[in-house]
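**Student:** Heads up: the sequence lines are chains A and B, in that order.
Going by my numbering, the first residue of the first sequence is number 3, and it counts up by one from there.
Going by my numbering, the first residue of the second sequence is number 23, and it counts up by one from there.
A virtual CB, placed ideally from N, CA and C, is assigned to each residue, including glycine.
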Amino acid sequence: MKLECKQVWKHISEYLDKQLDPKLLMDVEKHLENCEVCSAILDSTRNILVLTADDRTYELPVGYSERLHARLEKAIRETANSKNDST
Amino acid sequence: MQATVEREKELITRIIAGDADVFHELIRPYERMVYLAVLTMLRNEQEAEDASQEVMINAFRHLKSFRGDAKFSTWLVTIAMNEARQRLRKAKAAPQESLDEGKEDREGDFTPAVLTDWREIPSEALEKKEMRQILRHAVDQLPPIYREVLVLRDLEELNQEETASALGINVPLVKVRLHRARMMLQKLLAPSLRPAAPQRKGFFGRMFQ
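Here is the structure:
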């Protein structure tokens, strides 16, 4: 079946996740081969997701881990003490 | 993978038996995951750090309720999302954003932006602070119900079932929201480079004005 651009856009996410059934996949790929607009949208979406998921996009604050484990340590001690008190 | 699950089970058994210090080791691989989940939801580094600490403390206190039918990471990220949602509700930081479900789940028409620039941006561009800010800012602009799905699926790389379980929604809804989130992100990022891009004329240019 020949797909219109709008129909292809609806399936971009499933296409990226490789979840399209074989028949629809074929139709989408056929459209992409001949449509510069849709293949640009697809490529840019994929690229944006790769860039967003890159570790450098979101970085842990300096000292995050140390502060986390220090606070955790305190909480663990408090829990242990309250258990000891109750026994 | 299976080795990790077994190892974690063993650690959890030891912690519950009283060897509480082992908890530090158990959560070490997930520090970034928890921070990223709450940061993207709360959009504030300081609050995200405080929330991450609360998440880990809560996980420690409730470790006995972890049944082992889900992965430990999924259980932990569920606590993280709940903490973030709770804080968002309390703060009502952005009144125009609603955590209510339903109204935005229609499939709705959207027009994606044509981005010949973005399709070719190499990952080295992320060395630039400005580039990272543009991406984070775009994610921040998504409404929470879309942001949470995008974060779990595309940033944390949870699968559909794990994402559904962590958010308390069903798999078809995860798919619909993920699709919309990705398309919104694509569309949001289009204008940021527009001034640098040559003016598009002709058919394509007219179509996406």
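1. Taking 9 Å as the threshold (C-beta atoms), are Ala-77/A and Ile-34/B in contact?
2. My output table needs one value for Asn-109/A: the three-state DSSP class, helix, strand or coil.
3. Is it buried or exposed for Glu-47/B, if we count other Cβ within 10 angstroms and need 16 for buried?
4. I want to know whether the stretch 162-171 of chain B touches the stretch 185-196 of chain B - three or more CB-CB distances under 8 Å.
5. Give the residues from the stretch 49-68 of chain A that approach chain B closer than 9 Å (Cβ to any Cβ), ordered along the chain.
6. Just reading off the alpha helix (DSSP H) that Lys-31/B is part of, what are its end residues?
7. So which residues on chain A does Leu-58/B lean against when the C-beta distance must stay under 7 Å?
8. Can the beta-carbon of Lys-60/A be found closer than 9 Å to that of Arg-204/B?
9. Beta-carbon of Ile-101/B versus every beta-carbon of chain A: anything under 9 Å?
10. At least one CB of chain A closer than 9 Å to the CB of Asp-176/B: is that the case?
11. In whole angstroms, give me the CA-to-CA distance for Arg-29/B and Thr-96/B.
12. Chain B partners of Ser-46/A, CB-CB under 7 Å?
13. Whose Cβ in chain A lies nearer than 9 Å to the Cβ of Asp-43/B?
14. Which same chain residues end up closer than 6 Å to Phe-94/B when comparing Cβ atoms and leaving out the 5 residues on each side of it in sequence?
15. Taking 9 Å as the CB-CB limit, is Lys-20/A close to chain B?
16. Taking its Cβ as the centre, do 16 or more other Cβ atoms sit within 10 Å of Glu-183/B, making it buried, or is it exposed?
**Tutor:** From the atom records:
1. Here residue 34/B corresponds to residue number 12 of the second sequence, with the count starting at 1. Here residue 77/A corresponds to residue number 75 of the first sequence, with the count starting at 1. No; because the gap between Cβ atoms is not below 9 Å, this pair is not in contact.
2. What the structure shows of chain A is the stretch from 3 to 89, and residue 109/A is not part of that stretch, so it cannot be assessed.
3. Within the second sequence, the letter at position 25 stands for residue 47/B. By the neighbour-count rule (16 or more Cβ atoms within 10 Å), Glu-47/B is not buried but exposed.
4. With contact defined as three or more Cβ pairs closer than 8 Å, the stretch 162-171 of chain B and the stretch 185-196 of chain B are in contact.
5. Asn-49, Ile-50, Leu-51, Val-52, Leu-53, Thr-54, Ala-55, Asp-56, Asp-57, Arg-58, Thr-59, Tyr-60, Glu-61, Leu-62, Pro-63, Tyr-66, Ser-67
6. Counted from its first residue, the second sequence places residue 31/B at position 9. Where Lys-31/B is concerned, the enclosing alpha helix (DSSP H) stretches over 24-38.
7. For the purposes of this step, residue 58/B is identified with residue 36 of the second sequence, where counting begins at 1. What Leu-58/B touches in chain A: Tyr-60.
8. Taking the first residue of the first sequence as position 1, residue 60/A is located at position 58. Taking the first residue of the second sequence as position 1, residue 204/B is located at position 182. Checking the displayed sequence, the identity of residue 60/A turns out to be Tyr instead of Lys. Between Tyr-60/A and Arg-204/B, the C-beta spacing is not below 9 Å.
9. Along the second sequence, one-based indexing puts residue 101/B at 79. Cβ-Cβ to chain A under 9 Å: no for Ile-101/B.
10. Position 154 of the second sequence, counting from 1, holds the residue named residue 176/B. Chain A, which has a Cβ nearer than 9 Å to the Cβ of Asp-176/B, makes this yes.
11. Counting from one through the second sequence, the residue named residue 29/B turns up at place 7. Counting from one through the second sequence, the residue named residue 96/B turns up at place 74. Each residue's Cα considered, the two are about 16 Å apart.
12. Start at 1 with the first residue of the first sequence, and residue 46/A comes out as number 44. Result: Leu-137, Trp-140, Arg-141, Gln-208.
13. Numbered from 1 along the second sequence, position 21 holds the residue referred to as residue 43/B. Ordered by position in chain A, the residues that pass the 9 Å Cβ test against Asp-43/B are Glu-75, Ile-78.
14. For the purposes of this step, residue 94/B is identified with residue 72 of the second sequence, where counting begins at 1. Once the five neighbours on either side are set aside, the close Cβ partners of Phe-94/B are Glu-30.
15. One-based indexing of the first sequence puts residue 20/A at position 18. Not one chain B Cβ lies under 9 Å of Lys-20/A.
16. Counting from 1 along the second sequence, the entry for residue 183/B is found at position 161. Exposed is the call here.
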